[in-house]
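Take a look at the structure below.
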């Protein structure tokens, strides 16, 4: 029989599935697009490829990248989370209220605020997940509800006012640079790495892809589909909380009107990064690329001196083109 | 988004029901139509109006706020509801300076005293509809010019500045930009760039950081509101630039603190918390037989510096 | 060219037709000739290429190679519309009716009549519907009834009426009797005879040789995408046709004497009522270690639902399941799996596999957590497991990292078996385990199942292929209307006996 030929290819299989040429090629489309943008802007503006501007870009994509990492989990599982912008605001004002309490040391306040911000995000995410998974309702609608609930809660908690005057050490933390790289971006990058490991090397990640592809097959294989779905939403909520903390560290305020329409940029980053809106296919590395494309575009077009309205039109066009390119990429890579 | 509008409409009707009451000549009913209460400025104004109503005690306040800055549909619904309820006066900060003219005309035809504050209704639209209506409010253009002048005085002639604009299309955003531009022209400043950051801190932070990269020689920044000025100040700190001066507008507490620290050169106080209360006073005077208001009743503005 | 053909020139001639999907040769050069006004049977095992041929003829698939002559002229199918205009009408296995529209609307849906003003001409539509329904003996029914209010047999008659209303030259019936009662079948064949009398040719695709021999003029046999033979019904026998269908593999369906002894009862059900069962009476069966219990029955008899009830894929409406003599209560597939049950579902693509994921990932889908109890996966371990089963089952694949979608149907089914066996089940439920599987792989799967039985695994197999059930089972329970209509022991297996029970309560 052909057992011999069957066995042989298994040795390099471990890697060929994950790290080697095919994997790189799958991401080449989006990486190439980013490269073209970078080259184009480098020629168009002398300021683009400068250390200071690269630092700027890294700062500017951080919040969207954190949100988009969480969004990747939800979209991979076949859902969507429209509430992340509002949850960012809510988690931000909760953390802001906590961090501006009096009578505690700075260290205590910061610890409590981080827990409060993350906790708020996780709770909102859990609610999104539990409600949509328990009743089997489309997450589009449930998170649309949460978009309003969290925004209202943020305005209510903050009494519609901006919260400011955080502990000095917290404000300083947000502006730390390591060799010109903002520490907040490094943290976001670490988050990408963790998400990548979780998605590729853990049972949880396998289930996220499995459910996105074929929920019924996963259920019949004896797995608790609801647990993983709720987990994906909780991760997305935690990321919104984390993004809120990054927002506070960067701008030294928390605002109940922060994050309006941030969900759209996060979804755009995920989709541009090649993750399928239908779920089951995609990668958080693609999301990283997607966030870069959006950030580079916003930055580069301003440096070129394009006016606001042109800028908006071009950004929209790029999103559409990226998705069309991905459509063909997906078709060629599957057959 | 339709769904949001639905919630807004539902919230509007509920709050109206809750405060519904009966007409009384000596105890007039005043309907206050606000813009977005998610905006700190209008939130303060609302709180000021409620405190004012309690203090005066001789009129009844029915107040309605909107979901967002541009939600004029809810405002139209609120005006119509007030007409049905038979209020004596409507005091309104219009969300759209054209769309609100027609419903307000209906209110006036129903014998209701209408006072327009905060943002002036569009002059052409008023003429077209045959509406004569005074405007009570600050001169945004003049206020912006005051802030711009303060910046110009610090920089001197030829100073290189950029403008961070508010929402494109919003009337006060336009007025403030024009005021900044007046100042630029009068003092011979060099305007390098002018962009919108949609009134938002994070957006202003991003947009300004990029403008600074493109124009590292910027010396001064005119931000059309304090939220955006805060974002600009953070961008300057991140870039390690303490040589650039910033002016804002609105005098919100967070900005006032920055002025105190010297990080913000100046901001403009238009006494927002009193603005609605003042307009209500004027409306009640007319209801009680005082003379009709005419033209532009200017409310005070003040430059806030260290 | 064929001077010896009696009667007139053939209506349809297919020569050397090929249709390849990637590396899969669904049609590998088939020939078929249909004469005007004849009822021509097309038979072959699942995967022999019957459905593919129909899809090519009706314009759903573009052929890879070959030539088709229709009514004396070359015919290139490519669009469903072209085939319809040529007069080729098909009634598919799955209905193509719009459930919420009326009978009249469905019958005219392909060319809705319009009035002079461009409005829908409802009177004309109704008239057409009445005329078409008359052709199938449904004259009395209101044309305004929505399709959803009709039973399955009536739906099929509406489909046939729709196909016959236009001047069709060739009517293709794809497995038309699978869901019909005897009386409904008689009615159907009467309609076929009438159509034939009007000069319409009928291509009759069926698994049921008795029907073929009772109602058809000639029969063509397909095997593995090729034409084996075309014979006059009068000059051949069912045995000869079966031999052509099965080819060299005929011996594999022969019953083998079981060499191992049966153990104790592992799983039993007591009056188990599936969620779809509204009769109030459930199913009681028991299966011993090493035993294979076959479940026969018609589509709709509740066989799949029964398996799903055991596995708690759907919550049963009543009754109990016992494992080793003790009642168990499963709250979902997880509980059933923990108790040692595996379930090879009927729909491999929708329920069995995650097609876009790798063979390795699919193989470890069930035992993933026990394979990696700490939650961290090791790709090596997973690949090794898949390779082990690949070797054991003679899986034809490239790498264990390839997507399951890249495999042929039979190999996909082997992966499904692998994933359940990786969890070392004591009981395996199999629903149509060889559906859409090519003949070679089919016998390999039989071999695997026999080996499992020898190792002591208890199995319940639902299958619509009686030769398969009779070859594999120690005992066959026949279901009808959600109940056991009869049970046959191995020495009394016979198609007629099984069918008698299957139709028992349907009449």
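Residue numbers (my numbering), protein chains in the order written: chain L, -16 to 318; chain B, 3 to 308; chain D, 17 to 523.
We put the CB at the ideal spot given by N, CA and C, even for glycine.
| Item | Value |
| --- | --- |
| Compile a chain-ordered list of the residues in the region 368 to 386 of chain D whose CB is closer than 7 Å to at least one CB of chain L. | 368, 369, 370, 372, 373, 374, 377, 381, 382, 384, 385 |
| For the alpha helix (DSSP H) that contains residue 2(B), what are its first and last residues? | The question about residue 2(B) has no answer, for chain B in this structure spans 3 to 308. |
| Taking C-alpha atoms, which residue in 93(D), 193(D), 165(D) lies nearest to residue 315(D)? | 193(D) |
| Secondary structure at residue 281(B), three-state DSSP: helix, strand or coil? | helix |
| By DSSP, does residue 276(B) sit in helix, in strand, or in coil? | helix |
| Just list the alpha helix (DSSP H) runs in the region 93 to 125 of chain B, keeping only unbroken ones of 4 residues or longer that don't cross its boundaries, in chain order. | 103 to 111 |
| Would residue 42(B) pass as an interface residue toward chain L - the criterion being a Cβ-Cβ separation below 8 Å? | yes |
| Quick check on DSSP: helix, strand or coil for residue 457(D)? | helix |
| Assuming residue 63(B) and residue 52(B) form a contact by the criterion Cβ under 8 Å, report the distance between their Cβ atoms to the nearest whole angstrom. | 7 Å |
| Just reading off the beta strand (DSSP E) that residue 196(L) is part of, what are its end residues? | Counting along the chain, residue 196(L) falls outside any beta strand (DSSP E), though it belongs to the alpha helix (DSSP H) covering 186 to 203. |
| Reducing DSSP to helix, strand and coil, say where residue 392(D) ends up. | strand |
| Rounded to a whole number of angstroms, what is the C-alpha to C-alpha distance between residue 515(D) and residue 313(D)? | 8 Å |
| With DSSP collapsed to three states, give me the class of residue 46(L). | helix |
| So that I know if they touch, is there some Cβ in chain B lying closer than 8 Å to that of residue 202(L)? | no |
| Report yes or no: do the region 123 to 133 of chain D and the region 63 to 82 of chain D share at least 3 C-beta pairs separated by less than 8 Å? | no |
| Does the beta-carbon of residue 300(B) have 16 or more other beta-carbons within 10 angstroms, so that it is buried, or is it exposed? | exposed |
| Keeping to the same chain, check which residues put their C-beta closer than 8 Å to that of residue 414(D); ignore five residues upstream and five downstream. | 422 |
| Determine the DSSP secondary structure at residue 90(D), reduced to helix, strand or coil. | strand |
| At the 8 Å Cβ level, is residue 274(B) part of the contact set with chain L, yes or no? | no |
| Based on Cα-Cα distance, which residue from 81(B), 59(B), 60(B) lies nearest to residue 66(B)? | 81(B) |
| Can you check whether the C-beta of residue 150(L) is within less than 8 Å of a C-beta belonging to chain B? | no |
| Based on the DSSP secondary-structure assignment, which residues constitute the bridge partners of residue 26(D)? | Partner(s): none; residue 26(D) has no beta bridge. |
| Kindly list the residues whose CB is nearer than 8 Å to the CB of residue 275(D), restricted to its own chain and excluding five residues on each side of it in sequence; keep chain order. | 470 |
| Does the CB of residue 139(L) have a neighbour CB from chain B at under 8 Å? | no |
| Going along the region 203 to 225 of chain B in order, which residues come within less than 9 Å of chain L, judged by CB to CB distance? | 203, 204, 207, 208, 209, 211, 212, 213, 214, 215, 216, 217, 218 |
| Residue ranges of each alpha helix (DSSP H) run of no fewer than 4 residues wholly in the region 118 to 157 of chain D, ordered along the chain? | 119 to 123, 138 to 151 |
| May I ask you to report which of helix, strand or coil DSSP gives residue 240(L)? | coil |
| Is the region 132 to 146 of chain L touching the region 55 to 70 of chain L in the sense that three or more CB pairs, one from each, lie closer than 8 Å? | yes |
| Check whether chain C comes within 8 Å of residue 198(B), counting only Cβ atoms and requiring the distance to be less than that. | In the displayed structure, chain C is absent; the protein chains listed are L, B and D. |
| Closest to residue 172(B) by CA distance: which of 186(B), 199(B), 192(B) is it? | 199(B) |
| Measure from the C-beta of residue 155(L) to each C-beta in chain D and report whether the shortest distance is under 8 Å. | no |
| Under 7 Å, CB to CB, which of the residues in the region 306 to 330 of chain D have a partner in chain L? | 329 |
| Along the chain, where does the beta strand (DSSP E) that runs through residue 495(D) open and close? | 491 to 496 |
| When you check each C-beta in the region 449 to 471 of chain D against every C-beta of chain L, which residues fall closer than 9 Å? | none |
| Compute the Euclidean distance between the alpha carbons of residue 140(L) and residue 228(B), then round it to the nearest angstrom. | 21 Å |
| Would you call the region 264 to 280 of chain B and the region 155 to 167 of chain L in contact, with 3 or more CB pairs under 8 Å? | no |
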